[in-house]
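Engineer: Numbering (this note's numbering), first residue to last: 1 to 203.
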Amino acid sequence: MDVLEEIVKWSDGRPAWQGDAMRRIFLQRNLTENDDDELLSMIKAEEGLGVTPGSLPKPKPLSFTDIPRPAKIGSPVTLKKMHSLANVNALDPDESELEFAVEGLTVIYGDNATGKTGYSRVLKRACRASSEPILPDVFSENPPPDPASAAFELEIDGKVVPETWKDGESGPDGMATIAIFDNLCARLYVDSSNEVKYRPYGL
């Protein structure tokens, strides 16, 4: 059992508001003022301090469906395709498709504002690796009512497995085993001279 799984297991016995706070911190990293208000109200409701429980969102604790999962030995997962992105920046759902090499390296490049970051944010959220917000087209006069979504094609144990994802939902189990190396981490090694210390993911 890895560190994140230990944290989820430990959180199971905590008060409901703490479990909800842990989920928000893991998924968002930074709590908003609205998060603070909702969590404070949950605490008051649990302590019987004059807040009606039904007026609050139901506490949703951190769970195994929120965290990345270690790949099973002997069951490799390969991301082959990412497509049909909807409500992601200005990407066209009918033309938003990336194919990845099953072996070797796939390089994605382009000018600024061509959608590279939009693809990467969707991938990181679907793999439960990041909480960066995914925005719709900022130039659209009518914001879409639906959240961002995408489809993926995986190869698991030699079989092609289609997966879909919608923002606000947990990433598919197959996607949760894919490790993401963020460029924010890369800068530590290529731009700076640092003493690199190991800290288990999840802490």
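All C-beta atoms, glycine included, are put in the ideal place defined by N, C-alpha and C.
These numbers were taken from a predicted model, which means no experiment stands behind them.
With DSSP as the reference, please indicate the residues paired to Val160 in a beta bridge.
Structural biologist: Here residue 160 is taken as the residue at index 160 of the sequence shown, counted from 1. Val160 pairs with Glu155.
Engineer: Name the two residues that bound the continuous beta strand (DSSP E) containing Thr78.
Structural biologist: Here residue 78 corresponds to residue number 78 of the sequence shown, with the count starting at 1. Its beta strand (DSSP E) spans residues 77–86.
Engineer: Just the Cα atoms here: how many angstroms apart are Asp36 and Val51?
Structural biologist: Along the sequence shown, read from residue 1 onward, the residue named residue 36 stands at position 36. Along the sequence shown, read from residue 1 onward, the residue named residue 51 stands at position 51. Answer to the nearest angstrom: the Cα atoms are 15 angstroms apart.
Engineer: Compare the C-alpha of Phe100 against each of Thr114, Glu153, Pro76 and name the closest.
Structural biologist: Here the question's residue 100 lines up with position 100 in the sequence shown. Phe100 has its Cα closest to that of Glu153, out of Thr114, Glu153, Pro76.
Engineer: Tell me which residues share the same chain as Ile43 and place their Cβ nearer than 7 angstroms to its Cβ, disregarding the 5 neighbours each side in the sequence.
Structural biologist: Along the sequence shown, one-based indexing puts residue 43 at 43. Taken in chain order, the residues that qualify are Trp17.
Engineer: Cβ atoms of Arg29 and Leu62: under 9 angstroms apart, would you say?
Structural biologist: Stepping through the sequence shown from its first residue, residue 62 is reached at position 62. Stepping through the sequence shown from its first residue, residue 29 is reached at position 29. Their beta carbons are not under 9 angstroms apart, which means Leu62 does not touch Arg29 by this criterion.
Engineer: How would you write the range of the beta strand (DSSP E) that Glu99 sits in, first residue to last?
Structural biologist: Reading the sequence shown from its first residue, position 99 is the one you call residue 99. From DSSP, the beta strand (DSSP E) with Glu99 extends over 97–99.
Engineer: Say whether the segment 117–136 touches the segment 164–180, bearing in mind that this needs 3 or more beta-carbon pairs closer than 8 angstroms, one atom from each stretch.
Structural biologist: yes
Engineer: Quick check on Val212: buried or exposed, where buried means 16 or more other Cβ atoms within 10 Å of its Cβ?
Structural biologist: Residue coverage of the chain in this structure runs from 1 to 203, which leaves residue 212 outside it and unanswerable.
Engineer: Tell me, please, which residues DSSP counts as bridged to Ser149.
Structural biologist: Counting from 1 along the sequence shown, the entry for residue 149 is found at position 149. Ala86, Lys166.
Engineer: Do Pro68 and Arg128 have their C-beta atoms within less than 9 angstroms of each other?
Structural biologist: Against the sequence shown, residue 68 aligns to sequence position 68. Against the sequence shown, residue 128 aligns to sequence position 128. Yes, Cβ-Cβ distance for Pro68 and Arg128 is below 9 angstroms.
Engineer: Output the distance between the C-alpha atoms of Tyr109 and Lys159, rounded to the nearest integer angstrom.
Structural biologist: By one-based count along the sequence shown, residue 109 stands at place 109. By one-based count along the sequence shown, residue 159 stands at place 159. Roughly 29 angstroms between the two C-alpha positions.
Engineer: Assign Asp219 to buried or exposed, taking buried as 16 or more other Cβ atoms, counted over all protein chains shown, within 10 Å of its Cβ.
Structural biologist: The structure shown does not extend to residue 219, since the chain spans only 1 to 203, so no value can be given for it.
Engineer: Counting C-beta neighbours from all protein chains within 10 Å, is the total for Asp20 16 or more, i.e. buried, or is it exposed?
Structural biologist: By 1-based counting over the sequence shown, the position of residue 20 is 20. Counting Cβ neighbours within 10 Å, Asp20 comes out buried, since at least 16 surround it.
Engineer: Answer with buried or exposed for Gly171, where buried requires no fewer than 16 other C-beta atoms within 10 angstroms of its C-beta.
Structural biologist: By one-based count along the sequence shown, residue 171 stands at place 171. Its Cβ being crowded by 16 or more others within 10 Å, Gly171 is buried.
Engineer: Going straight from the alpha carbon of Ser55 to that of Met175, what length do you get?
Structural biologist: The count along the sequence shown starts at 1 and reaches residue 55 at position 55. The count along the sequence shown starts at 1 and reaches residue 175 at position 175. Ser55 and Met175: Cα-Cα distance of roughly 35 angstroms.
Engineer: List the endpoints of the continuous alpha helix (DSSP H) containing Gly19.
Structural biologist: Walking along the sequence shown from the start, residue 19 turns up at place 19. Residues 16–28.
Engineer: Who are the Cβ neighbours of Met82 in its own chain at under 6 angstroms, not counting the five residues just before and after it?
Structural biologist: In the sequence shown, counting from the first residue as 1, residue 82 sits at position 82. The answer, listed in chain order, is Leu98, Phe152.
Engineer: Could you tell me the alpha carbon to alpha carbon distance between Ile25 and Leu31, rounded to whole angstroms?
Structural biologist: The residue you call residue 25 lines up with position 25 of the sequence shown. The residue you call residue 31 lines up with position 31 of the sequence shown. Taking the straight line from one Cα to the other gives about 7 angstroms.
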